[in-house]
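Asker: So that we are looking at the same thing, I have put the structure below in C-alpha cells.
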Amino acid sequence: MINVLTLIAGHGGEGLDSSLVFEVRGALRALGAEVGHARWLSPEHACDLDFSELDPREADQIATRILEGWNIDVVAQKAEGRRKKLLVADMDSTMVTGETLDELADFAGLKDHIARITARAMNGEIGFEAALRERVGLLKDLPEECLQKTWDLIKFTPGAHKLVRTMTKHGAYAVLVSGGFKFFTAKVRESCGFHRDIANELIVENGKLTGQVGDTIIGREAKLATLNAVSAELGITPELAVAVGDGANDLDMLRAAGLGVAFHAKPVVAAEARVRVDHGDLVNLLYAQGYTDDEMVE
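Just so you know, we're using the working numbering here: the sequence shown kicks off at -17 and counts up by one.
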C-alpha cells in the first residue's frame, strides 16, 4: 500500500469505535481503493488504514465527511517518509496553551487590549511585525521581573514533552521557532528537549523593558526560512519535516513541510492547512507519523 489514513480520537470523547473504522474503510473501498485492515497504534484511540488506488486528499475528504460531528482527527498521506526527521514547532498556543505576550501584558493592566491586537495578527488581519512592535511598545517600563512571573503562569500543551522527546529519541532534530520572546523559548526548549530555539529579543535596560525588540523580527518569513535552513543543514528536504503551529505567521512553513499541521488553529490557518488537529493534543502528531504507544517517551 502506498498511502495511509490515520484516524485519531480526541480526548474527552468516546474513543475510536471499530464500527467507525469499518465504515470509513468501506467508503474507501466503494470508491475503488484497495484498503488493508485496521492497524491499531493505540487501542480504541488511534489506527492506520493502508490504502492505494485513491489520492490521499480524496481519502481525507471522505473520512472527514463520514466522521463529521465526531471527536476524531483525520490525516491522509503517502506512507513513504511519514516518520519525519525534523520537527519545527511554534510556541504560543501550540507548545504552550496561551500567548506569552498577552500574559505578560496582564502585569501592565493591558492584557485585553494587547490580546485583541494579537488575535488580529494571528488571523492575518494585520501585519505581524507591526503588531509585535506596537504591543511591545505598550509595555515600556514594565519591570523585568514580570517576565519570570509570566513564565510561572504558563502551562504546557498536553503532549508537548512527549512529542519532542519521542521524536528526538528516534533520531529527529527539534527546533522551536516563535514570534514570541527568547526569554520564554529558552525555557520551553530546556523543558521539552528541543535542540534549538529561535525567537525575538526583548530589549531590557536598567531592569525595565524599553518597549523595543531586536532588529530581526521572527515572523512568517523567518519561520519558513528556519524550516528550509535546518532541513539543508540536516541534508534532507522539507518533505521530511513536520511543522506545527496555529497562527497566520505559521502558514508558509506549514505549507512547505511534508507534514504541516494546523493545531487548534485560527480560522484562516485551519481553512488553508491540509492537515489539522482540531480535537486531540500534540501526541496526535506522533500517531500521524505511525508511532505506537509503546514507542512514545513521556
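Where a beta carbon is used, it is the ideal one built from N, C-alpha and C, also for glycine. Just so it is clear, the structure is predicted and the values come from calculations on it, not from any experiment.
What is the rounded straight-line gap between the Cα of T46 and the Cα of I54?
Answerer: Using only the alpha carbons, I get a separation of about 9 Å.
Asker: Using three-state DSSP, classify G119 as helix, strand or coil.
Answerer: Three-state DSSP puts G119 in a helix.
Asker: Helix, strand or coil: which one does DSSP assign to S0?
Answerer: Residue state, collapsed to three classes: helix.
Asker: Drop a sphere of 10 angstroms on the beta-carbon of A12, count the other beta-carbons inside from all chains shown, and report buried for 16 or more, exposed for fewer.
Answerer: exposed
Asker: Compare the Cα-Cα distances from G193 to each of D123, D276, G(-6) and I48 and report the closest residue.
Answerer: D123
Asker: Near A90, what residues of its chain come up, given a Cβ to Cβ distance below 6 Å and the 5 sequence neighbours on each side ignored?
Answerer: L121 and L124
Asker: If you scan the stretch 100 to 167 from start to end, which runs of the beta strand (DSSP E) of 3 or more residues do you find wholly inside it?
Answerer: 155 to 163
Asker: Can the beta-carbon of G(-8) be found less than 7 Å from the beta-carbon of H261?
Answerer: yes
Asker: Report the CB separation of A181 from I200 in whole angstroms; it is logged as a contact under 8 Å.
Answerer: 6 Å
Asker: So what does DSSP say about R21, is it helix, strand or coil?
Answerer: strand
Asker: Give the list of continuous alpha helix (DSSP H) stretches no shorter than 4 residues that lie fully inside the stretch 208 to 254.
Answerer: Segments of the alpha helix (DSSP H) lying fully in the stretch 208 to 254: 233 to 238 and 249 to 254.
Asker: Taking Cβ to Cβ, would you say L92 is nearer than 7 Å to L264?
Answerer: no
Asker: Can you tell me the Cα-Cα spacing of M149 and L191, whole angstroms?
Answerer: 36 Å
Asker: When you compare each of E127, N105, G106 and I99 to V118 by their alpha carbons, which one comes out closest?
Answerer: I99
Asker: If you draw a straight line from the alpha carbon of A20 to that of I136, how long is it in whole angstroms?
Answerer: 39 Å
Asker: Buried or exposed: E50, going by 16 or more other Cβ atoms within 10 Å of its Cβ?
Answerer: exposed
Asker: If we ignore side chains and look at the alpha-carbon of each, how far apart do N105 and A87 end up?
Answerer: 20 Å
Asker: Could you tell me the boundaries of the beta strand (DSSP E) in which N(-15) lies?
Answerer: N(-15) to A(-9)
Asker: Ignore the nearest five residues each way along the sequence and tell me which others in A282's own chain have a CB closer than 6 Å to its CB.
Answerer: With the chain represented from -17 up to 280, any question about residue 282 goes unanswered, as that position is not in the structure.
Asker: Can the beta-carbon of R258 be found less than 7 Å from the beta-carbon of A244?
Answerer: yes
Asker: Excluding five sequence neighbours on each side, which residues of the same chain lie with their C-beta closer than 8 Å to the C-beta of A97?
Answerer: E81, D84 and A87
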